[in-house]
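Going by numbering that gives the first Met the number 0, the first residue of the sequence shown is number 0, and it counts up by one from there.
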Amino acid sequence: MKKKIVSLLMIAAMAATMFAGCGGSNSEGSDAGSNGSAGKVLNIQCWNEEFRTRIEDHYPDYEKVSDTEGKIGDVTVNWIITPSDDNAYQNNLDRVLEAQESTDQDEKTDMFLIEADYAPKYIETDYVLPLSELGISDSDISEQYDYTQKVVTDTNGNLKGLSWQACPGVLFYNRDLATEVLGTDDPDAVQEAVKDWDTFVATAEQMAAKGYHMTSSVNDTYRVYSNNVTSKWVEDGKLNIDDNIMKWVEDSKKMVDAGQTATHELWSDDWNKGMMEDSPVFCYFGPAWLVNFSMHADEEGSVGYAGKWGACEGPQGFYWGGTWICAAAGTDNADLIKDIMLTMTTDKDVLKEIVEKDDDFANNKTLMDEMAETDYTSKVLGGQNPLPLYAKNVESLDLSNLSPYDQGCNEEFQNAMKNYFDGNATLDEALALFRKAVAEKYPDISVE
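Below, the structure written as structure tokens:
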């Protein structure tokens, strides 16, 4: 009987060896043929349209029927899209995977997508096929960035997902504001003004003196700080707050009190307003997908539409998000899933198309190093080639302090600190709120 999908708390004991291996499976499970490879329906679970559009645009054998259906040869492809709001996507995925054995074959989930924040919840179960059972070898994926594989490698060393993208982040800045305040929009010069957090905060004072906000929200910088911790959220069964997280609190409070940033949520209307040409916001932090999906590049009146964003490394390297393709145990389309995975994540021609058409950063070190030296440019970035920046920052990523508690602790910490930033609680009171929330979410760890 398959292990049920467990909470992040129940797999916390595995954190010591999390991401210890990378590459092919170490198990001796059944091969792909035991799952069947001749199904007539391919059911794909995802939370938005991104993967569907990638398949439509770049998978050679795909034929679009509608926004929710397609064909690959004689196989019908069903796109089952459940938005992530209120955890709906994970709740639905939990339900269908737990019912997989009793579900009719044509109704079973064959493929599903996951994000890094909750990857351990799924890859530590038997509901996800190791790639070795699909016949995918280490040599097939040898040019992918190491971190993209570590995210979806279970504690037994089984690799259980692949991604077509790597998501190293950079700092995107408004070229017009850079020119006005800093005297130049040259990426190297702007980098000097944001090269570390103390310099970043000092530059925020310059921006404020001209009536501008350094960032749209304190939450814009949080992931950069949290990606650069030197310890985990839980150490030896006890809640731990890393010094770099507290540095975020210190810097953010100073900037909020000085009117240099705000406290609204990412994706909110107020956050989005900062991406329009008449906004006072100097910069955002993000990976390539932020440019393509979230910066209103196709909307007249936006900074991106005018090609007036620039990019530089920023104070610290980081990554944000990413989408991984997983094969569901019990699928009868193992051969097709293997082909989709390899085509979309290892075929250099396909990956190059994705970079050129979608402004994405592909999960292939050789290709990205090559394209970093070409005349590739981004219209949104005013003709700049951002690939060298992404390629440099991806090499600095350190995932050694990832843990199954990250999503819950990061969310609760930001929620609690908003009270402090807004002046509704002291720092001690906000920390107490955070500890209380963690105790409720993870009752088996010590929060004192």
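All residues carry an ideal CB built from backbone N, CA and C; glycine is no exception.
All values reported here derive from a predicted model rather than from experimental measurement.
Original post:
How many angstroms separate the CA atom of Gly382 from the CA atom of Glu298?
Top reply: 18 Å
Original post:
Would the beta-carbon of Lys417 be found less than 7 Å away from any heavy atom of the ligand MN?
Top reply: Ligands are entirely absent from the displayed structure, and the ligand MN is therefore not among its contents.
**OP:** Return the CA-CA distance between Asp368 and Pro387, expressed in angstroms with no decimal places.
**Re:** 7 Å
**OP:** Check each candidate in Phe281, Asp103, Asp359 and Leu289 and name the one with the smallest Cα separation from Arg174.
**Re:** Phe281
Subject >> N-terminal and C-terminal residue of the beta strand (DSSP E) that Cys282 is part of >> reply: Val280 to Gly285
**OP:** Go ahead and label Glu191 buried or exposed: buried means 16 or more other beta carbons lie within 10 angstroms of its beta carbon, across all protein chains shown.
**Re:** exposed
Original post:
What three-state label does DSSP hand Ala98 in the structure shown?
Top reply: coil
Subject >> Cβ-based neighbour list, Leu366, same chain, cut-off 7 Å, excluding 5 preceding and 5 following >> reply: Lys347, Leu350 and Lys351
Original post:
For Gln315, does the three-state DSSP call read helix, strand or coil?
Top reply: coil
Subject >> Status (buried if at least 16 other CB within 10 Å, exposed otherwise) for Met110 >> reply: buried
**OP:** Please name the residue in Tyr117, Leu432 and Asp331 whose C-alpha comes closest to that of Thr108.
**Re:** Asp331
Original post:
In its own chain, which residues sit with a C-beta less than 7 Å from the C-beta of Leu92, not counting the 5 before and 5 after it?
Top reply: Gln44 and Phe111
Original post:
In three-state DSSP terms, what is Asn291?
Top reply: helix
**OP:** Assign Val64 to one of two classes, buried (16 or more other C-beta atoms within 10 Å of its C-beta) or exposed (fewer than that).
**Re:** exposed
Subject >> Three CB pairs or more closer than 8 Å across the segment 416 to 433 and the segment 136 to 146 >> reply: no
**OP:** Please classify Met274: does DSSP put it in a helix, a strand, or coil?
**Re:** coil
**OP:** State the start and end residues of the unbroken alpha helix (DSSP H) segment that holds Leu426.
**Re:** Leu426 to Lys440
Original post:
Is there contact here, the segment 146 to 163 with the segment 187 to 205, by at least three beta-carbon pairs under 8 Å?
Top reply: no
Original post:
Is it a yes or a no for the segment 234 to 241 touching the segment 194 to 203, going by three-plus beta-carbon pairs under 8 Å?
Top reply: no
**OP:** Could you tell me which uninterrupted beta strand (DSSP E) segments, each at least 3 residues in length, are contained entirely in the segment 131 to 188, listed from first to last along the chain?
**Re:** 169 to 173
Original post:
In terms of residue numbering, what span does the beta strand (DSSP E) encompassing Tyr61 cover?
Top reply: Tyr61 to Ser65
Original post:
So Thr260 packs on Asn400, CB below 8 Å; how close in whole Å?
Top reply: Contact doesn't hold; Cβ gap of about 26 Å is too wide.
Original post:
Do you know offhand how far Trp288's Cα is from Asp421's?
Top reply: 30 Å
Subject >> Neighbour-count burial assignment, Ala361, 16 or more Cβ in a 10 Å radius >> reply: buried
**OP:** Pick out whichever of Ile336, Asn414 and Asp443 has its Cα sitting closest to the Cα of Val40.
**Re:** Ile336
**OP:** Given a cut-off of 8 Å, decide if Asn291 and Asp357 are closer than it, judged by their beta-carbon atoms.
**Re:** yes
Original post:
How would you write the range of the beta strand (DSSP E) that Phe199 sits in, first residue to last?
Top reply: Counting along the chain, Phe199 falls outside any beta strand (DSSP E), though it belongs to the alpha helix (DSSP H) covering Trp196 to Ala208.
**OP:** With a floor of 4 residues, list each alpha helix (DSSP H) that falls wholly inside the segment 352 to 376, ordered by position along the chain.
**Re:** 364 to 371
Original post:
Where Thr178 and Val74 are concerned, what is the direct C-alpha to C-alpha distance, given to the nearest angstrom?
Top reply: 54 Å
Subject >> Pairwise C-alpha distance: Ser131 and Asp264 >> reply: According to the sequence provided, residue 264 is Glu. The question's Asp does not apply to it. Looking at the two C-alpha atoms, the distance is approximately 41 Å.
Subject >> Cβ-Cβ distance between Cys311 and Tyr121 below 8 Å >> reply: no
**OP:** Pull up the distance between the alpha-carbon of Gln413 and that of Tyr375, whole angstroms please.
**Re:** 37 Å
Original post:
When the Cα of Thr322 is compared with those of Thr220, Pro119 and Thr147, which residue comes out closest?
Top reply: Thr147
Original post:
Which of helix, strand or coil does DSSP assign to Ala37?
Top reply: coil
Original post:
Tell me the DSSP bridge mates of Gly382?
Top reply: Answer by DSSP bridge pairing: none, since Gly382 is not bridged.
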